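Listed in order, the protein sequences are those of chains A and B.
Just add 144 to the spot in the first sequence (first one is 1) and you have the numbering used here.
Just add 144 to the spot in the second sequence (first one is 1) and you have the numbering used here.
From the three backbone atoms N, C-alpha and C, an ideal C-beta is built for every residue, glycine too.
Predicted model, so just to flag it, every value in this text is computed and none were measured.
Only one structure is covered here, and it is reproduced in the block below.
There are 2 protein chains.
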Amino acid sequence: MTTGPGLRERKKERTRQALITAALGLFEERGYDETTIADIAAGADVSARTFFSYFPSKEEILFADTEDRLALAFAVIDQRGPEDAPVDVLVRAMAAVFERAEQFGQVFDRAVPVRLRMVFSVPAVQGMALQRMLSAQQRLAARLHAAFPDRLDRVEAAAVVGALVGAVVNTMLSLVQAPEQVDELFAGDPGPVLAQLRRAVEVAVAGIGAS
Amino acid sequence: MTTGPGLRERKKERTRQALITAALGLFEERGYDETTIADIAAGADVSARTFFSYFPSKEEILFADTEDRLALAFAVIDQRGPEDAPVDVLVRAMAAVFERAEQFGQVFDRAVPVRLRMVFSVPAVQGMALQRMLSAQQRLAARLHAAFPDRLDRVEAAAVVGALVGAVVNTMLSLVQAPEQVDELFAGDPGPVLAQLRRAVEVAVAGIGAS
DNA sequence: CTGCAAAATTGCAACAAATGAAGAAAAGCG
DNA sequence: CGCTTTTCTTCATTTGTTGCAATTTTGCAG
């Protein structure tokens, strides 16, 4: 018999999804600042207080789906080949994340474009995104150090990851100056953007001394 | 006759300084979250409402002194020599900022250690710091592009700056895992920390492919 | 120094985010 | 069915933030 998760768990998950759906819809429709916690809770048919037992803050609900993307990168790093250099696995990890974004971005993950628009238009959300990015970099660095224990110390691993992610993130920002550009970005061919991001990777790999 | 700034301006500046002083003192003494706007305003002998006509938010008062550090970097970039490569001026700019931190950090700028401690202990402040960092990188990139118009396009300049700053920031974070370490960092010899940061610069310059 | 316009400050009301505490409702389980 | 544990709700409270109208202070012309 498939015991599976009990009713309690299932209900919890349903509420969680309802909150996320309500939040994304409202953010999209009215904007982030114009949507209150009370609105979101009402949209999911729970009390406002309950919202905070699912998400610690209004911003966090936008990042409910980011962990698996990071897991993807971890998996790539953990599967290093014996001939791989740190840069190889890192670039491969980065490529895997890009590819996933390209494949699923528009169709499956409604959160992605909404979040991206908020990141570029709402300061508080941008701050949270950057914080999570930094923490992700630290975890990536730890993983990279573990994969190459005698080639990279902890601090050097942080520098390596920081250089790569820094180049990509800052490039991304220079491509999107106005929030409207996020929509254009998801509407058309993602090729040109990905090409620019690949250039950023090259800059980090070859070193800024090469420019 | 030294016209100078009128009484109105001087008073405004005095109030501004009083607010900053009160805020730093209270943050240091009680902590950030434990200090309310009302406390800060009381410490500067103004109404709480007035606080917001000087600073748009509680976080911003911690960053009242950051603009001149950026100006230092700008100045270095603007004074590029005819033989300089982008990496030369960037590294020089970074060194100038480090040096200034080394010289003045403990003695003159009380804001620096306080802010740093808050950055590492208060999420909201960290978010704001990262946002400002990102915006600074964009401005640096624009300046770098202007200094090397035919060697770096706008996007590539962003990648270059991002790689360098990313390496340094992530290294910094990996050196300071707990907020208490900020105090150790400012208490002892800054040499070892600066050495690590220099290694981060080298990683960015030589490229992560070299590690 | 007097009066007036501009600017700064204030108090007050209001709203939203976040948190704590006590009790009601629901789910799991014997 | 009763009992226990978890979850949800209600209520109150604190704090950051903003708008508005009243008041005070400053700069300046006469």
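Inset, instruction - Kindly say whether residue 166/B, judged by its beta-carbon, lies nearer than 7 Å to any beta-carbon of chain A. - result: The residue labelled residue 166/B in the question sits at position 22 within the second sequence. Not an interface residue.
Legend entry - Sequence-distant residues of its chain with Cβ nearer than 7 Å to residue 160/A (five each side left out): On the first sequence, residue 160/A is found 16 positions in, with the first residue counted as 1. Closer than 7 Å at the Cβ level, and outside the excluded window around residue 160/A, lie 198.
Legend entry - Delimiting residues of the alpha helix (DSSP H) encompassing residue 281/A: Within the first sequence, residue 281/A is the residue found at index 137, counting from 1. Segment 267 to 291, the alpha helix (DSSP H) holding residue 281/A.
Inset, instruction - Could you spell out the range, first to last residue, of the alpha helix (DSSP H) harbouring residue 377/B? - result: The requested residue 377/B does not occur in the structure, where chain B is confined to residues 145 to 355.
Legend entry - Beta-carbon gap between residue 272/A and residue 271/B smaller than 7 Å: Counting from one through the first sequence, the residue named residue 272/A turns up at place 128. Counting from one through the second sequence, the residue named residue 271/B turns up at place 127. For residue 272/A and residue 271/B, yes; Cβs fall inside 7 Å.
Legend entry - Separation of residue 279/A from residue 309/A, as counted between CA atoms: Here residue 309/A corresponds to residue number 165 of the first sequence, with the count starting at 1. Here residue 279/A corresponds to residue number 135 of the first sequence, with the count starting at 1. The alpha-carbon atoms of residue 309/A and residue 279/A are separated by roughly 12 Å.
Legend entry - Beta-carbon proximity list for residue 265/B, same chain, < 7 Å, skipping 5 on both sides: The residue labelled residue 265/B in the question sits at position 121 within the second sequence. 323, listed in sequence order.
Legend entry - Assigned secondary structure, residue 210/A (DSSP; H/G/I helix, E/B strand, else coil): Along the first sequence, read from residue 1 onward, the residue named residue 210/A stands at position 66. Residue state, collapsed to three classes: coil.
Legend entry - Proximity to residue 339/A [Cα-Cα], best of 329/B, 300/B, 315/B: Within the first sequence, numbered from 1, the residue matching residue 339/A stands at position 195. With distances taken between Cα atoms, residue 339/A lies closest to 300/B.
Legend entry - Selection from 330/B, 162/B, 184/B that minimises the alpha carbon distance to residue 261/B: Within the second sequence, numbered from 1, the residue matching residue 261/B stands at position 117. Considering only alpha carbons, the answer is 330/B.
Inset, instruction - Spell out whether any CB of chain B is found under 7 Å from the CB atom of residue 315/A. - result: The residue given as residue 315/A occupies position 171 in the first sequence. Yes, its Cβ sits closer than 7 Å to a Cβ of chain B.
Inset, instruction - Could you list which residues in chain B have their beta carbon closer than 8 Å to that of residue 230/A, in chain order? - result: Working through the first sequence from its first residue, we reach residue 230/A at position 86. Ordered by position in chain B, the residues that pass the 8 Å Cβ test against residue 230/A are 352, 355.
Inset, instruction - Run the CB neighbour count on residue 201/B, radius 10 Å, all protein chains shown included, and call it buried at 16 or more, exposed below. - result: Position 57 of the second sequence holds residue 201/B. Exposed.
Inset, instruction - Look at the alpha carbon of residue 268/A and the alpha carbon of residue 237/B, and state the distance between them as a whole number of angstroms. - result: Here residue 268/A is taken as the residue at index 124 of the first sequence, counted from 1. Here residue 237/B is taken as the residue at index 93 of the second sequence, counted from 1. Taking the straight line from one Cα to the other gives about 29 Å.
Legend entry - Identity of the residue in 344/A, 258/A, 232/A nearest residue 164/A by Cα: For the purposes of this step, residue 164/A is taken as residue 20 along the first sequence, with counting starting at 1. Checked all of 344/A, 258/A, 232/A; the closest Cα to residue 164/A is 258/A.
Legend entry - Validate contact between the region 228 to 237 of chain B and the region 282 to 291 of chain B using beta carbons, cut 8 Å, 3 pairs: yes
Legend entry - Nearest candidate by alpha-carbon position, reference residue 188/A, set 177/A, 158/A, 244/A: As a working mapping, residue 188/A is identified with position 44 in the first sequence. Closest option to residue 188/A, Cα to Cα, is 158/A.
Legend entry - For residue 154/A, three-class secondary structure by DSSP: In the first sequence, residue 154/A corresponds to position 10, counting from 1. Helix at residue 154/A.
Inset, instruction - State the DSSP-derived secondary structure class of residue 358/A, mapped to helix, strand or coil. - result: In the structure as shown, chain A starts at 145 and stops at 355, and residue 358/A therefore has no counterpart that could be examined.
Inset, instruction - Tell me where the alpha helix (DSSP H) around residue 381/A begins and ends. - result: For residue 381/A there is no data in the structure shown, the boundaries of chain A being 145 and 355.
Legend entry - Rounded Cβ spacing between residue 296/B and residue 318/A (contact assumed at less than 8 Å): Residue mapping note: residue 296/B aligns to position 152 of the second sequence, counting from 1. Residue mapping note: residue 318/A aligns to position 174 of the first sequence, counting from 1. Contact doesn't hold; Cβ gap of about 12 Å is too wide.
Inset, instruction - Determine which residues of the region 306 to 335 of chain A have a Cβ less than 8 Å from any Cβ of chain B, and write them out in chain order. - result: 306, 307, 308, 309, 310, 311, 312, 313, 314, 315, 317, 318, 319
Inset, instruction - Give the residues of chain B in contact with residue 300/A, contact being defined as C-beta atoms less than 7 Å apart. - result: Stepping through the first sequence from its first residue, residue 300/A is reached at position 156. In chain order: 343, 347, 355.
Legend entry - Selection of the region 261 to 273 of chain B by Cβ proximity to chain A, strictly under 9 Å: 267, 268, 270, 271, 272, 273
Legend entry - Integer Cβ distance of residue 303/A from residue 347/B, believed to fall under 8 Å: For the purposes of this step, residue 303/A is identified with residue 159 of the first sequence, where counting begins at 1. For the purposes of this step, residue 347/B is identified with residue 203 of the second sequence, where counting begins at 1. Right, the Cβ-Cβ distance comes to about 4 Å (below 8 Å), so this counts as a contact.
Legend entry - Boundaries of the alpha helix (DSSP H) in which residue 197/B is found, first to last residue: As a working mapping, residue 197/B is identified with position 53 in the second sequence. Segment 192 to 198, the alpha helix (DSSP H) holding residue 197/B.
Inset, instruction - Can you give me, in chain order, the residues of the region 279 to 296 of chain A that have a beta carbon less than 8 Å from any beta carbon in chain B? - result: 281, 282, 285, 295, 296
Inset, instruction - Please list the partners that residue 340/B has in chain A, where partner means a Cβ-to-Cβ separation under 7 Å. - result: Here residue 340/B is taken as the residue at index 196 of the second sequence, counted from 1. What residue 340/B touches in chain A: 299.
Inset, instruction - Find out if the Cβ-Cβ distance for the pair residue 241/A, residue 216/A is shorter than 7 Å. - result: The residue you call residue 241/A lines up with position 97 of the first sequence. The residue you call residue 216/A lines up with position 72 of the first sequence. Yes, Cβ-Cβ distance for residue 241/A and residue 216/A is below 7 Å.
Inset, instruction - Kindly indicate the opening and closing residues of the alpha helix (DSSP H) around residue 340/B. - result: Along the second sequence, one-based indexing puts residue 340/B at 196. Residue 340/B -> alpha helix (DSSP H) spans 335 to 350.
Legend entry - Nearest-angstrom Cα separation, counted from residue 229/B out to residue 156/A: One-based indexing of the first sequence puts residue 156/A at position 12. One-based indexing of the second sequence puts residue 229/B at position 85. Distance between the alpha carbons of residue 156/A and residue 229/B: 58 Å.
Legend entry - Span separating the alpha-carbon of residue 352/A from that of residue 282/A: Start at 1 with the first residue of the first sequence, and residue 352/A comes out as number 208. Start at 1 with the first residue of the first sequence, and residue 282/A comes out as number 138. Between residue 352/A and residue 282/A, the C-alpha separation is close to 22 Å.
Inset, instruction - Tell me whether the beta-carbon of residue 344/A lies closer than 7 Å to the beta-carbon of residue 320/A. - result: Walking along the first sequence from the start, residue 344/A turns up at place 200. Walking along the first sequence from the start, residue 320/A turns up at place 176. Not a contact, by the Cβ cut-off of 7 Å.
Inset, instruction - Go ahead and label residue 174/A buried or exposed: buried means 16 or more other beta carbons lie within 10 angstroms of its beta carbon, across all protein chains shown. - result: Sequence index remark: in the first sequence, residue 174/A carries index 30 (1-based). Under this definition residue 174/A is an exposed residue.
Inset, instruction - Residues of the region 200 to 226 of chain A with a CB closer than 8 Å to any CB of chain B: list them in chain order, please. - result: none
Legend entry - Sequence-distant residues of its chain with Cβ nearer than 8 Å to residue 255/A (five each side left out): What you label residue 255/A is simply residue 111 of the first sequence in a count that begins at 1. Hits under 8 Å: 164, 168, 206, 208, 209.
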